[in-house]
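In our numbering, the protein residues as written are 3 to 290. First comes the structure, then the notes that go with it.
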């Protein structure tokens, strides 16, 4: 079982927004994220400190952060960083609790995404983690291509376990196994979590899954059954999976996950009315 048996739901408006070409006005982002802060999520993955050339949609992350209403919420904030410069910037903000770092276990994907090797990325992550620890922030490492890759690079559950061991030796304790290309099914989810959770019981190992509309429940159920207690999602499933084979594959719909866990009696601290409000707002933010 993971270190914390408490069920944690992480909503990811950053993930939902970043692939949208048309710029979402800052006012809309602020209003939407402030609404999400009232729901009762453990964490919001709200923005990123990366080059605006890479992700222009999130160039206003610092302004959004400055306008968030955090006085009456226990929800913590997570921001994605890709290098030391972004980490230094993020570390200047006391309101941010977590720095998220995408770490590919596929050498080809790592090279294509960052023009650097996995070993280079490991050194970068170590530097970022050292910066974060100095200001009492924690790392959340997203293991990209965590359920396989399309390049023929070596993949096996044991490879994921080997990377968890190496990364945890850097004093990193929170991970999200990420289905970057939307290939995870119930069997592969079950195998992976049953491999890593018993072996790394001191770590918090979560699921960042993508899904087709009819498959979400099975994926969530099998991950929970295999010991996962940390789940990422995005309201209404917004934010696609660009590398998936079809356009029906998107983010795990947070409101459906929550309904499932509430029905199971596993989740109580959620304001359902505020969540319903966010579902309505999401359509206005992402479809208008």
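All C-beta atoms in this analysis are idealised placements derived from N, C-alpha and C, irrespective of residue type, glycine included.
Is there contact between the region 63-75 and the region 99-110, where contact requires at least three CB pairs shorter than 8 Å?
These segments do not touch.
Let me check understanding here. Comparing Cα to Cα, which of 289, 71, 185, 145 lies closest to residue 167?
Indexing the chain shown from 1 puts residue 167 at position 165. For the residues 289, 71, 185, 145, the minimum Cα distance to residue 167 belongs to 145.
Counting only runs that start and end within the region 62-103, where is the beta strand (DSSP E) found for 3 or more residues in a row?
The region 62-103 contains these whole beta strand (DSSP E) runs: 78-83.
So what's residue 143 in DSSP terms, helix, strand or just coil?
Working through the chain shown from its first residue, we reach residue 143 at position 141. Here residue 143 sits in strand by DSSP.
Taking one C-beta from the region 72-80 and one from the region 109-120 each time, how about it: are there three or more such pairs within less than 8 Å?
No contact exists between the region 72-80 and the region 109-120.
Find out if the Cβ-Cβ distance for the pair residue 213, residue 251 is shorter than 8 Å.
The residue you call residue 213 lines up with position 211 of the chain shown. The residue you call residue 251 lines up with position 249 of the chain shown. In contact: residue 213 and residue 251 (Cβ atoms closer than 8 Å).
Where does the unbroken beta strand (DSSP E) through residue 10 begin, and where does it stop?
Numbered from 1 along the chain shown, position 8 holds the residue referred to as residue 10. That run of the beta strand (DSSP E) goes 10-13.
Taking the runs of the alpha helix (DSSP H) that are 4 residues or longer, which of them lie wholly in the region 149-173?
Runs found: 159-170.
Under the DSSP definition of a beta bridge, which residues are partnered with residue 212?
By one-based count along the chain shown, residue 212 stands at place 210. Beta-bridge pairing links residue 212 to 253.
For residue 84 versus residue 52, is the C-beta distance shorter than 8 Å?
If you number the chain shown from 1, residue 84 lands on position 82. If you number the chain shown from 1, residue 52 lands on position 50. In this structure, residue 52 lies closer than 8 Å to residue 84 by Cβ.
Considering just the uninterrupted stretch of the beta strand (DSSP E) at residue 111, what are its terminal residues?
Start at 1 with the first residue of the chain shown, and residue 111 comes out as number 109. It is not in any beta strand (DSSP E) - residue 111 instead sits in the alpha helix (DSSP H) that spans 109-116.
Using 8 Å as the threshold, is the region 125-135 in touch with the region 145-160, meaning 3 or more CB pairs across them?
These segments do not touch.
Return the CA-CA distance between residue 200 and residue 192, expressed in angstroms with no decimal places.
The residue given as residue 200 occupies position 198 in the chain shown. The residue given as residue 192 occupies position 190 in the chain shown. The straight-line gap from Cα to Cα measures roughly 12 Å.
Going by the CB atoms, is the gap between residue 284 and residue 224 shorter than 8 Å?
Along the chain shown, read from residue 1 onward, the residue named residue 224 stands at position 222. Along the chain shown, read from residue 1 onward, the residue named residue 284 stands at position 282. Contact: no.
When burial is assigned at 16 or more other CB atoms within 10 Å of the CB, is residue 219 buried or exposed?
Residue 219 sits at position 217 when you count from the first residue of the chain shown. Residue 219 is exposed by the Cβ-count criterion.
Run through DSSP, which three-state label would residue 187 get?
Here residue 187 corresponds to residue number 185 of the chain shown, with the count starting at 1. Looking at residue 187 - three-state DSSP - the assignment turns out to be coil, as it is neither helix nor strand.
Using the three-state DSSP reduction, which class does residue 273 fall into: helix, strand or coil?
Here residue 273 refers to the residue found at position 271 of the chain shown. Three-state result, residue 273: coil.
Near residue 2, what residues of its chain come up, given a Cβ to Cβ distance below 7 Å and the 5 sequence neighbours on each side ignored?
Look at the range of the chain in this structure, 3 to 290, and you will see that residue 2 is not part of it.
Short of 8 Å in beta carbon distance, which residues of its chain neighbour residue 90, apart from the five on each side in sequence? Order them along the chain.
Counted from its first residue, the chain shown places residue 90 at position 88. Excluding sequence neighbours, residue 90 sits near 133.
Measuring straight from C-alpha to C-alpha, what distance separates residue 121 and residue 19?
Here the question's residue 121 lines up with position 119 in the chain shown. Here the question's residue 19 lines up with position 17 in the chain shown. Computed Cα separation, rounded: 30 Å.
Could you tell me the distance, in whole angstroms, from the CA atom of residue 254 to the CA atom of residue 178?
Residue numbering aside, residue 254 sits at position 252 when the chain shown is read from its first letter. Residue numbering aside, residue 178 sits at position 176 when the chain shown is read from its first letter. Each residue's Cα considered, the two are about 14 Å apart.
Buried or exposed: where does residue 8 fall if 16 or more other Cβ atoms within 10 Å of its Cβ makes it buried?
Position 6 of the chain shown, counted from the start, is the residue given in the question as residue 8. With fewer than 16 other Cβ atoms within 10 Å, it is exposed.
Where does the unbroken alpha helix (DSSP H) through residue 232 begin, and where does it stop?
Here residue 232 refers to the residue found at position 230 of the chain shown. Where residue 232 is concerned, there is no enclosing alpha helix (DSSP H), although the beta strand (DSSP E) it sits in stretches over 232-235.
Could you tell me which residues DSSP puts in a beta bridge with residue 225?
Here residue 225 corresponds to residue number 223 of the chain shown, with the count starting at 1. Answer by DSSP bridge pairing: none, since residue 225 is not bridged.
Buried or exposed: where does residue 2 fall if 16 or more other Cβ atoms within 10 Å of its Cβ makes it buried?
With the chain covering 3 to 290 only, the question about residue 2 has no answer from this structure.
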